[in-house]
Amino acid sequence: MFENGLELVTALRALVAGESAGEWPAFVTLDVEMPVMDGREALRTIRADAEQLAQRGLRQEADRLLALPIIVVSGNARLRDRQQVLQLGARTVVNKPVEADSLLRTLREFL
């Protein structure tokens with residue numbers, strides 16, 4: 001579990017580079033509102049990292065990043081905000097407060 005988007009991005013970069021003994025996540029839940037780097041910026045950075053990997057000829061690593069299911073958790077149910085995070089690479093958006101049954105159904109779609 002990470003406290004902010006920067007910690008997530010740093011961990012994913014280490015995994016992609018083979019600099020971490022951790023396992024590749026089956027999915028990521030990402031809050032839109034976080035300190036240091038919010039969810040939107042984390043999504044932008046993950047996408048930019050994938051593009052840079054592809055440009056360097058590391059297509060498999062780029063594809064792995066882009067295929068990672070990212071489930072955004074948001075207290076904002078506005079359609080425009082949902083569309084924005086989906087365009088940035090999130091697979092789906094779950095509204096707060098998160099109901100356990102709803103989250104489990106969503107996770108089953110990606111596992």
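Its first residue numbered 1, the sequence shown is counted upward by one per residue in full-length UniProt numbering.
Each residue gets a CB set at the ideal place from its N, CA and C atoms; glycine is no exception.
Remember, it's a predicted structure, so these values are computed and weren't measured experimentally.
Residue j beta carbon less than 8 Å from that of residue i
i: Thr43; j: Leu88; result: Residue 43 is actually Leu in this sequence, not Thr. In this structure, Leu88 lies closer than 8 Å to Leu43 by Cβ.
i: Ala26; j: Ser20; result: no
i: Leu30; j: Ala50; result: no
i: Val98; j: Ile46; result: no
Cβ neighbours of residue i in the same chain (closer than 7 Å, five flanking residues each side left out)
i: Glu41; result: Gly5
i: Glu61; result: Val16, Leu53
Inter-residue Cα distance where the pair is residue i and residue j
i: Val85; j: Val94; result: 11 Å
i: Leu75; j: Val36; result: According to the sequence shown, residue 75 is Gly rather than Leu. C-alpha separation (whole angstroms): 18 Å.
i: Val32; j: Arg56; result: 30 Å
i: Ile70; j: Arg78; result: 19 Å
i: Ala48; j: Asp101; result: 33 Å
i: Gly39; j: Leu58; result: 25 Å
Report task. Would you mind listing the alpha helix (DSSP H) stretches within the UniProt domain "Response regulatory" (1-111) that are 4+ residues and don't spill past its ends, in chain order? Result -> 5-17, 39-55, 59-67, 79-87, 100-110
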